[in-house]
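The structure under discussion appears below in the form of structure tokens.
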Amino acid sequence: MAGFMVNEQNVLEIGRAFEAEAGRMEQRLVRHEARMRTEAALGDPASRDFAPALNQLLVEGQDSYLNRARAYVAELLGVARQCRDAALAYGYTEDEIAQAMRGIGGYRV
6 MAGFMVNEQN VLEIGRAFEA EAGRMEQRLV RHEARMRTEA ALGDPASRDF APALNQLLVE
66 GQDSYLNRAR AYVAELLGVA RQCRDAALAY GYTEDEIAQA MRGIGGYRV
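Residues in the sequence shown are numbered from 6 upward in steps of one, following my numbering.
Below, the structure written as structure tokens:
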């Protein structure tokens with residue numbers, strides 16, 4: 006399994022990358038959520054039954070694609086938080102961390 010090593014020199018860059026990806030994904034989810042929903046087509050009886058099932062799969066269900074994507078965003082933010090905590094342990098200040106991650110993704114980890 007490929008991976009990477011977080012260290013004192015790259016912890017802020019890696020945290021910033023995870024936070025940026027979380028922001029990018031969240032923006033896409035917000036932009037496309039409404040377009041993921043479907044409605045019955047022109048009173049067609051098959052689509053009247055199919056539309057709610059498809060909406061459940063795509064956006065409404067606990068295990069929907071939308072909720073899976075939101076869970077992925079939360080995981081990315083969790084890694085960014087871990088990088089922030091590691092940066093503190095390495096001796097970076099809160100200000101240095103905030104400066105390194107400023108404006109990325111709209112999140113504050």
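Glycine included, each C-beta is placed from N, C-alpha and C at the ideal position.
Have a look at residue i and residue j and give me their C-alpha separation to the nearest angstrom.
i, j, result
"R33", "R86", "21 Å"
"F55", "E44", "9 Å"
"R36", "M10", "34 Å"
"G124", "A51", "This structure gives no information on residue 124, because the portion of the chain shown stretches from 6 to 114."
"L62", "A39", "14 Å"
"V84", "A46", "42 Å"
"E24", "P57", "34 Å"
Sort the options by Cα distance to residue i and report the nearest one.
i, options, result
"A103", "L71, R21, N72 and A58", "R21"
If I'm right that residue i touches residue j with Cβ under 8 Å, what's the distance once you round it to whole angstroms?
i, j, result
"A105", "L17", "4 Å"
"R42", "N60", "6 Å"
Short check: CB of residue i to CB of residue j, under 9 Å?
i, j, result
"E13", "L81", "no"
Examine the ligand SAH and report whether any of its heavy atoms sits within less than 8 Å of the Cβ of residue i.
i, result
"V11", "This structure simply doesn't include the ligand SAH, nor any ligand for that matter."
Report task. Inspect the CB distances between the segment 71-78 and the segment 94-101 and report whether three or more fall short of 8 Å. Result -> No: fewer than three Cβ pairs fall under 8 Å.
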